[in-house]
Amino acid sequence: MRLPLALFFGLALCAAAAQAAERIVDFRADIGIGGDGVLTVREDITVEAAGQQIKRGIYRDFPVRHRRADGSAQSTSFDVEAVLRDGRAEPYHLTSRGDYRRLYIGEADRYLTPGIYRYTIVYTSRRQLAHFDDRDELYWNVTGDRWAFAIEQAEARVHLPPGAILLDRIAYTGPRGATEQAAVIETAADGSVLFRASRALAPGEGLTIALSWPPGHVVRPGALERAAQALGDNRQWLIALTGPLMVLGYFILVWWRVGRDPESGPLVVRYRPPKGLSPAACRFVREMGFDAKAMAAAIVSLAVKGALAIRDDADGYVLAREGSGVDAQSLSRGEKAVLDRLFPGNAETLAVKNSNHKTFVAARKALKRALRTEYELHYFHTNRWRLLVGAGLALAVIAALAATADSPATVLFMAVWLAGWGFGCYQLVARLRTQWQMARARRSAMYAIGGALATLFTLPFLAGLLFGFFLLGQALSLAALGALIALVLMVIGFYHWLKAPTRAGRRAMDAIDGFREFLGATEQHRLDLMNPPARTPALFETFLPYAIALDVETRWADQFAGVLKAAAAAPGERPYRPRWYRGRAGAAFSPSDFSTHMGSGLASALSGAATAPSRGRSGFSGGFSGGGGGGGGGGGW
């Protein structure tokens with residue numbers, strides 16, 4: 001047993017030794033600062049290769065975009081002049097990796113024999129100097145702090161611009177952010193400055209230098225040149241700031257021209273609904289759109305008129321057709337369409353469950369189509385095509401933002417993915433809201449448990465959405481991410497704000513609001529001032545669909561609590577319950593609870609029933625090591 005263990009540890013030590021043998025023996029940089037501000041850099045990197053990571057050669061990462069603390073960027077150049085291995089020209093190729101350019105030295109199909117090699121890289125770089133009132137400065141990360149190997153010796157010699165004298169100098173060593181100064185600095189007779197690390201540098205550590213000289217020896221860029229450079233460096237910021245403003249300007253202009261509502265008239269209390277408007281039509285006109293509450297109002301209206309009955313069982317709602325005694329003239333066009341779709345042929349009952357989603361989707365579409373045909377153009381304009389133009393402008397800005405990213409295809413993919421994921425999350429949240437509305441309306445522990453489980457199921461998807469936005473923010477700037485979110489919110493907001501009633505629609509809305517004022521009045525003194533019609537069970541049922549449509553069903557029911565209680569207390573009378581409702585209320589019938597069942601509860605159930613069932617789940621300007629220009633790192637390949 002000891003021999004295999006010894007052999008195992010021996011092999012492990014050999015592997016570790018081979019890995020450790022790969023290192024940078026010497027890293028020397030010679031940096032010349034030209035009067036035009038261009039740096040000419042020669043790096044001599046001597047490495048020991050053992051065939052582990054250094055198989056074909058080495059690579060050198062060089063940053064070409066520096067991010068400031070405010071999120072803006074500055075671009076620099078990295079123009080390779082020559083690449084040598086042991087004094088002879090060596091093949092190389094360049095790739096882009098985000099903010100870095102990677103220089104691969106060697107050939108993919110040619111492997112090195114283990115040994116020591118000296119690589120020489122000669123390149124120029126622009127826009128690396130900082131200019132202040134009293135000095136010019138070079139703040140330079142000589143070795144970079146992203147090397148995969150230890151650096152046994154590191155030094156850099158800097159040649160100042162012609163005629164310049166040294167003002168100050170400093171050097172830092174260690175990982176990025178370190179302030180250690182384990183370096184020796186010497187000034188030669190020719191005025192060049194030598195920086196030498198006084199210790200070996202571990203993987204991830206580097207040598208950073210800074211030095212300054214009086215102004216006037218380097219040509220500084222003018223104001224226009226600096227402005228042009230800043231715009232070029234920060235195109236993403238420019239688009240992120242101006243793009244949403246342009247889209248917002250378009251939407252405001254369109255809203256000013258076609259989206260402003262006509263002035264409303266005085267509020268006059270009405271005791272009857274506007275002539276020719278069914279409960280669903282009242283909601284459609286008032287909201288200038290269709291939703292689940294309109295469907296619920298239509299079904300309750302059909303029940304009140306004797307066309308169907310609503311059964312509230314422990315398992316949910318069931319609709320039953322009541323064919324006898326229905327006055328077809330009393331049904332609106334939309335209500336007839338709903339009745340025909342809910343009970344095709346000889347069908348008599350229909351459970352409000354998503355197993356019947358095709359039937360409920362057909363009924364919703366039929367009602368929506370009927371309402372749009374009868375009321376949309378006459379009572380309001382949605383201005384859809386103007387909204388689509390604005391949405392197209394928003395998409396153009398998003399595409400422009402993506403084009404400024406390091407990987408436009410990745411950003412566009414993430415944007416499309418987030419759109420799909422966000423829509424899925426919207427559907428999940430809508431179903432979750434429906435579940436909790438049902439739990440509240442039915443006061444059912446079973447529905448409450450279902451809501452809790454649905455909440456736990458939804459949270460990871462919402463977390464995934466937030467994480468997706470975080471990743472998109474990493475691929476873009478914070479300003480670009482903010483612009484993207486602002487554009488999405490803008491389109492959603494103006495989807496509602498561009499809708500505008502016609503003058504006829506404004507008059508109809510005023511009449512609807514007057515009727516709603518009567519339905520929602522609960523204070524006794526207000527009711528006395530209104531002089532409303534006598535409250536009877538028949539009046540309660542007749543206007544209940546309108547109260548549901550106008551979101552005042554609970555307040556409408558509260559007006560009848562005493563009336564219905566007194567009717568039930570009369571000699572020989574049974575507890576009140578609408579003839580078209582068969583439920584679990586029993587003797588403890590509550591008008592308020594019943595109205596909530598017929599309003600929010602039924603609307604939520606109908607929304608769920610119209611959804612397909614789930615198929616599954618799826619001193620210097622800087623002062624630390626690693627700062628300034630230059631930098632990067634490298635490794636073997």
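So in this note's numbering, spot 57 of the sequence shown is number 57, and the numbers just go up one at a time. Every residue gets a Cβ at the ideal spot worked out from N, C-alpha and C, and that includes glycine.
- About 4 Å separates the CB atoms of residue 279 and residue 549; that is less than 8 Å, so the two are in contact.
- Along the length of the stretch 309-391, whole beta strand (DSSP E) runs at least 3 residues long occupy 316-321, 349-351, reported in chain order.
- Taking residue 120 as reference, the option from 60, 496, 519 with the minimal CA-CA separation is 60.
- When the alpha-carbon of residue 58 is set against those of 108, 36, 333, 386, the nearest one is in 108.
- For residue 307, the secondary structure class from DSSP, reduced to helix, strand or coil, is coil.
- As computed with DSSP, residue 155 is found in a beta bridge with 28, 196.
- Between residue 272 and residue 515, the alpha-carbon positions lie close to 6 Å from each other.
- By the Cβ-count criterion, residue 205 is buried, with 16 or more other Cβ atoms from all chains shown falling within 10 Å of its own Cβ.
- The Cβ atoms of residue 535 and residue 491 lie no closer than 7 Å to each other.
- The shortest CA-to-CA distance from residue 258 to any of 497, 577, 538 is the one to 497.
- The Cβ-Cβ distance between residue 151 and residue 201 falls below 7 Å.
- If you compare the alpha carbons of 469, 421, 499 with that of residue 461, the shortest gap goes to 421.
- The shortest C-alpha to C-alpha distance from residue 66 to any of 117, 139, 504 is the one to 139.
- Collapsing the DSSP output to three states places residue 273 in coil.
- Here the stretch 359-377 makes no contact with the stretch 235-250; the two share fewer than three CB pairs at distances below 8 Å.
- Between residue 300 and residue 545, the gap from beta carbon to beta carbon is short of 7 Å.
- The beta strand (DSSP E) runs lying completely inside the stretch 163-225 and spanning 3 residues or more are 168-174, 183-187, 193-197, 206-213, given in chain order.
- Contact check between the stretch 307-314 and the stretch 374-392: fewer than three CB pairs, one atom from each, fall below 8 Å, which does not count as touching.
- Taking the CA atoms as reference points, residue 134 sits about 25 Å from residue 179.
- Beta-bridge annotation (DSSP): residue 636 is paired with 58.
- Looking from the CA of residue 88, the closest CA among 389, 76, 153, 106 belongs to 106.
- Comparing alpha-carbon positions, the option among 160, 183, 327, 235 lying closest to residue 217 turns out to be 160.
- Under DSSP, residue 33 takes part in a beta bridge, and its partners are 39.
- For residue 197, same chain residues with a beta-carbon under 6 Å away, outside a window of 5 residues either side, are 154, 173, 183, 207 in chain order.
- Excluding five sequence positions before and after residue 297, the CB atoms of its chain that fall closer than 7 Å to its own CB belong to 279, 280, 283, 545, 548, 549, given in chain order.
- For residue 129, there is no enclosing alpha helix (DSSP H); the residue is part of the beta strand (DSSP E) that begins and ends at 129-131.
- Segment contact: the stretch 466-477 against the stretch 349-359, fewer than three CB-CB distances shorter than 8 Å; contact not assigned.
- For residue 268, the three-state secondary structure derived from DSSP is coil.
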